[in-house]
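Worksheet for the structure shown next.
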Ligand code: FAQ
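In the UniProt record's numbering, the protein residues as written are 19 to 328.
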């Protein structure tokens, strides 16, 4: 890599300038961004599945409508993110191929089943909350197309968060059975939620390089801590418990203490061996196969339309 170009690139980042697709960038910056944005896009598309199965079973017409709009938004976020990743030179077709072949990763948390309506509520409130903590930090990052996509995503996610919170408050203020359902959802989802922010800083592979180039604006432990800071008090306020006896805020350090998450389980799940990985990818494979004729028809319709004009 040309040291002068690299120094000029890093100086731009230090000044807080955005890097745009046609600008010079180190190969590693491009590679890391493709990896991260692509995984983020896949997470949105796979993330639509556990909640998506609840659209027809959501309690009441208004909840069905709201959930349908939310799921549609998540798929829209994937489209924005695939477009941002494409500016770096990887085609959307290749990204989809890498998703369905299992080569690319996506968020651990969507490999768990949403058994009950309360699980869907946990996702809408707390998984969205976790996603927002991460995205609000990275919106100030260095790559223009990713930041602009995140900006729009955050605006939409803030509605999802309100919707999710509303659903949870309803359960919390409901019958003992409804409260029990949400408590069970917390018990099931807490471990994956702790994993969601990524491995502990001391074992995270990419944090340092991503933070040097302002792609990632906070470490995994910092975003996890921020999430705990904002949401644990809200969960406790509603009278629910969190299945970690060691969870407490250390008032001296200002940091949360918790039982070390099981990173072996995390690794298994992100490498394809979680409770729902096969099922999630199968849904995407079927969609890809069933949608092929639509893509082909569109391509040939465009050709026919364009040809007479040339
Ligand atoms: N799941 O070195 P690090 C959402 C992998 S969007 C799976 O710490 P990094 C919206 C990582 O890729 C949720 N894999 O990695 C929604 C790497 O593997 P590799 C997604 C994970 O990149 C809500 C290895 O572990 N958000 O939820 C995870 O510095 C509700 C080493 O890890 C984003 O993607 C994980 N949780 O930090 C939708 C935001 N964590 O590639 C529907 C953008 C780590 O070497 C319903 N991404 N890995 O094979 C990021 O901010 C970062 O990529 C992190 C990971 C923080 C996720």
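For every residue, glycine included, the Cβ atom is placed at its ideal position computed from N, Cα and C.
| query | result |
| --- | --- |
| Do residue 161 and residue 37 count as a contact pair if the criterion is CB distance below 9 Å? | yes |
| Which whole-angstrom value is the C-beta distance of residue 213 and residue 126, which I expect to be below 8 Å? | 5 Å |
| With a threshold of 8 Å on Cβ separation, who are the neighbours of residue 328 within its own chain once the five nearest residues in sequence on each side are excluded? | Summary for residue 328: the model assigns pLDDT 46, below 50, so the residue's position carries little reliability, and this model does not support an answer. |
| Closer than 8 Å is the cut-off here; do at least three beta carbon pairs connect the stretch 143–161 with the stretch 241–259? | yes |
| Runs of 4 residues minimum, wholly inside the stretch 252–294: which ones carry the alpha helix (DSSP H) assignment? | 281–286 |
| If the criterion is Cβ atoms closer than 9 Å, does the pair residue 220 and residue 247 meet it? | no |
| Compute the Euclidean distance between the alpha carbons of residue 176 and residue 40, then round it to the nearest angstrom. | 32 Å |
| Can you give the Cα-Cα distance for residue 310 and residue 114, rounded to whole angstroms? | 13 Å |
| According to DSSP, residue 37 sits in a beta bridge with which residue or residues? | 161 |
| Just to confirm the assignment, what range does the alpha helix (DSSP H) spanning residue 207 have? | 194–214 |
| Taking only three categories from DSSP, how would you classify residue 220? | helix |
| Counting only runs that start and end within the stretch 108–159, where is the alpha helix (DSSP H) found for 4 or more residues in a row? | 110–118, 135–140 and 146–156 |
| Return the chain-ordered list of same chain residues with a C-beta closer than 8 Å to the C-beta of residue 264, the five sequence neighbours on each side being excluded. | 275, 276 and 277 |
| Return the residue from the list 53, 206 and 89 that minimises the CA-CA distance to residue 121. | 53 |
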